[in-house]
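Letter 290 of the sequence shown, counting from 1, is numbered 290 in the UniProt record's numbering, and no numbers are missing.
Below is one structure, written out as structure tokens, with a few remarks after it.
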Amino acid sequence: MKRLAKWRLLPLFAVMALLAGCGEPFLSALQPAGEVAQLQFDLMLLSTAIMVGVIVIVTVLFIIAITRFRRKSENEIPKQVEGSHKLEIIWTAIPILLVFVLAIPTVAATFKLADVSPMDEKNEDGKTDALVVNVRANLYWWEFEYPNEEIVTSQDLIVPTDEKVYFNLIASDVKHSFWIPSVGGKMDTNTENINRFWLNFDDAAADEAGRIFYGKCAELCGPSHALMDFKVKALPRAEFDQWVTDMKAVTEPVQAETAEAQAGQEVFNNSCIGCHAVTPANTTPEAARMGPNLTDFGNRTLVAGILENNEENIKKWLKDPEAIKPGNKMTGKYDLSDEEIDAVTEYLMGLKVQE
Numbered sequence: 001m002k003r004l005a006k007w008r009l010l011p012l013f014a015v016m017a018l019l020a021g022c023g024e025p026f027l028s029a030l031q032p033a034g035e036v037a038q039l040q041f042d043l044m045l046l047s048t049a050i051m052v053g054v055i056v057i058v059t060v061l062f063i064i065a066i067t068r069f070r071r072k073s074e075n076e077i078p079k080q081v082e083g084s085h086k087l088e089i090i091w092t093a094i095p096i097l098l099v100f101v102l103a104i105p106t107v108a109a110t111f112k113l114a115d116v117s118p119m120d121e122k123n124e125d126g127k128t129d130a131l132v133v134n135v136r137a138n139l140y141w142w143e144f145e146y147p148n149e150e151i152v153t154s155q156d157l158i159v160p161t162d163e164k165v166y167f168n169l170i171a172s173d174v175k176h177s178f179w180i181p182s183v184g185g186k187m188d189t190n191t192e193n194i195n196r197f198w199l200n201f202d203d204a205a206a207d208e209a210g211r212i213f214y215g216k217c218a219e220l221c222g223p224s225h226a227l228m229d230f231k232v233k234a235l236p237r238a239e240f241d242q243w244v245t246d247m248k249a250v251t252e253p254v255q256a257e258t259a260e261a262q263a264g265q266e267v268f269n270n271s272c273i274g275c276h277a278v279t280p281a282n283t284t285p286e287a288a289r290m291g292p293n294l295t296d297f298g299n300r301t302l303v304a305g306i307l308e309n310n311e312e313n314i315k316k317w318l319k320d321p322e323a324i325k326p327g328n329k330m331t332g333k334y335d336l337s338d339e340e341i342d343a344v345t346e347y348l349m350g351l352k353v354q355e
């Protein structure tokens with residue numbers, strides 16, 4: 001009966017193994033959508049092929065050994081072989097060869113991915129010709145600063161396709177990790193030093209994915225770690241340039257049009273603007289960057305990085321952010337009435353840079 005009870009656990013383990021392979025395709029590292037992701041995927045295939053090949057060969061040799069050289073009867077003593085220099089050389093040389101087969105492309109890829117020298121090459125204007133994005137990870141949201149373009153945004157990372165985008169990574173509170181599964185990466189954001197790397201977003205893959213990729217925090221950072229998501233919008237260079245132009249054109253906060261939105265703007269200016277900027281200029285003081293930049297909030301598809309951007313979800317977030325993202329920094333800062341929440345929601349939905 002005890003053995004039977006143990007066997008009953010097998011279906012449970014089988015289901016767990018199947019579920020471990022489930023997930024959204026846009027969050028899969030097995031569907032590469034860029035140069036870095038493809039390089040990493042090829043290395044995974046190579047290492048897997050080597051491991052499977054070793055397992056197959058060892059299994060075949062094991063089967064041959066237990067069938068061909070087994071003891072035929074109780075009185076028979078199989079031929080005793082104490083050593084073979086030829087075999088010892090072979091099974092020593094093959095693993096060394098396999099290590100080189102795996103090590104050479106791995107080391108070459110490591111040096112290629114670590115090359116961020118274009119980030120240090122300045123032009124006549126004192127800026128880099130390469131596109132650089134400064135990523136700051138916070139509990140539990142992301143800030144993206146474009147130093148050359150002199151704009152700041154949050155939660156939505158906008159990038160051009162088919163060219164290298166260079167990243168400076170840092171955290172403002174605890175260790176996080178920047179990861180866009182289908183494009184590559186996964187690098188820690190530390191509080192004490194800046195990590196740097198680059199990614200390339202394939203235009204054909206981006207078009208197939210609806211121009212949207214998704215990123216996550218890959219380092220356990222608190223109770224809402226699993227909810228620390230961000231969206232990546234990969235655009236052709238011309239559309240990216242237009243987005244930059246539209247963002248830079250916003251020099252003053254968007255003025256509310258309706259009476260309710262105007263009331264919401266007043267509440268926002270009295271309560272929220274101390275942490276949330278509504279202009280994209282990277283000259284915004286650090287004190288006003290305690291929360292996500294909301295310049296183009298109305299253009300975003302997600303609220304708090306995880307909820308569909310609509311009136312109902314905005315009100316839910318403003319009313320009780322702790323219920324949606326436990327441990328977030330906004331919890332307990334404001335105590336708005338239902339009327340104030342309705343007004344602020346109307347104002348936020350009108351914060352649009354592009355129609």
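Virtual Cβ for every residue (Gly too), placed ideally from N, Cα, C.
Keep in mind the model is a prediction, meaning the values are calculated, not measured.
Residue i, enclosing beta strand (DSSP E) - first and last residue
i           : result
residue 359 : Nothing about residue 359 can be reported from this structure: the residues present for the chain run from 1 to 355 only.
His-176     : 176–180
Ser-154     : 151–154
Lys-333     : It is not in any beta strand (DSSP E) - Lys-333 carries neither H nor E in the DSSP assignment.
Phe-213     : 212–217
Among the options, nearest to residue i - alpha-carbon criterion
i       : options                               : result
Phe-213 : Val-56, Leu-98, Gly-53 and Val-159    : Val-159
Ser-154 : Glu-88, Leu-131, Leu-199 and Asn-299  : Asn-299
Lys-112 : Arg-196, Trp-179 and Arg-136          : Arg-196
Pro-118 : Thr-110, Ala-109 and Asp-129          : Asp-129
Asn-123 : Val-135, Asn-293, Asp-115 and Asn-148 : Asn-148
Ala-281 : Val-116, Thr-245, Thr-67 and Pro-181  : Thr-245
Met-228 : Glu-208, Glu-355 and Arg-136          : Arg-136
Glu-143 : Cys-217, Leu-102 and Pro-95           : Cys-217
Glu-150 : Asp-335, Val-250, Val-353 and Leu-30  : Val-250
Ala-171 : Leu-157, Asp-156 and Asn-190          : Asn-190
Glu-252 : Ala-259, Ala-277 and Asn-270          : Ala-277
Leu-336 : Ile-90, Lys-329 and Trp-317           : Trp-317
Val-54  : Ile-89, Ile-94, Leu-30 and Ile-77     : Ile-94
Leu-43  : Glu-355, Asp-120 and Thr-106          : Thr-106
The alpha helix (DSSP H) enclosing residue i, as first and last residue numbers
i       : result
Tyr-347 : 338–349
Thr-63  : The sequence given here places Ile at residue 63; Thr does not occur at that position. Looking at the DSSP string, the run of the alpha helix (DSSP H) that includes Ile-63 is 35–68.
Cβ neighbours of residue i in the same chain (closer than 6 angstroms, five flanking residues each side left out)
i       : result
Thr-301 : Asn-309
Met-290 : Cys-275
Leu-98  : Ile-50
Trp-261 : Just to set this straight, residue 261 is Ala in the shown sequence, not Trp. Glu-346, Tyr-347 and Gly-350.
Leu-307 : Asn-313
Lys-352 : Gly-298 and Asn-299
Val-254 : Leu-351
Contacts around residue i, its chain only, beta-carbon distance under 7 angstroms, and the 5 residues preceding and following it disregarded
i       : result
Phe-268 : Val-344 and Tyr-347
Thr-161 : Phe-201, Asp-202, Asp-203, Ala-206, Ala-234, Leu-235 and Pro-236
Gly-184 : Gly-34, Val-36, Ala-37, Gln-40 and Leu-199
Met-187 : Leu-169, Ser-177, Phe-178, Asn-195 and Phe-197
Tyr-146 : Val-133
Leu-102 : Leu-46, Ser-47 and Ile-50
Gly-126 : none
Arg-211 : Lys-233, Ala-234 and Leu-235
Simplified DSSP assignment, three categories, for residue i
i       : result
Gly-185 : strand
Gly-264 : helix
Leu-318 : helix
Arg-237 : helix
Ala-281 : strand
Arg-196 : strand
Leu-302 : strand
Val-15  : helix
Val-244 : helix
Leu-307 : strand
Asp-207 : helix
Lys-325 : coil
Lys-72  : coil
Ile-170 : strand
Lys-86  : helix
Contacting residues, own chain, Cβ-Cβ under 8 angstroms from residue i (five flanking each side not counted)
i       : result
Gly-327 : Leu-139, Tyr-140, Gly-222, Pro-223 and Ser-224
key: Runs of beta strand (DSSP E) lying entirely within the stretch 99–168, each at least 3 residues, in chain order   = The DSSP assignment places complete beta strand (DSSP E) segments of no fewer than 3 residues inside the stretch 99–168 at 131–138, 141–146, 151–154 and 156–160, in order along the chain.
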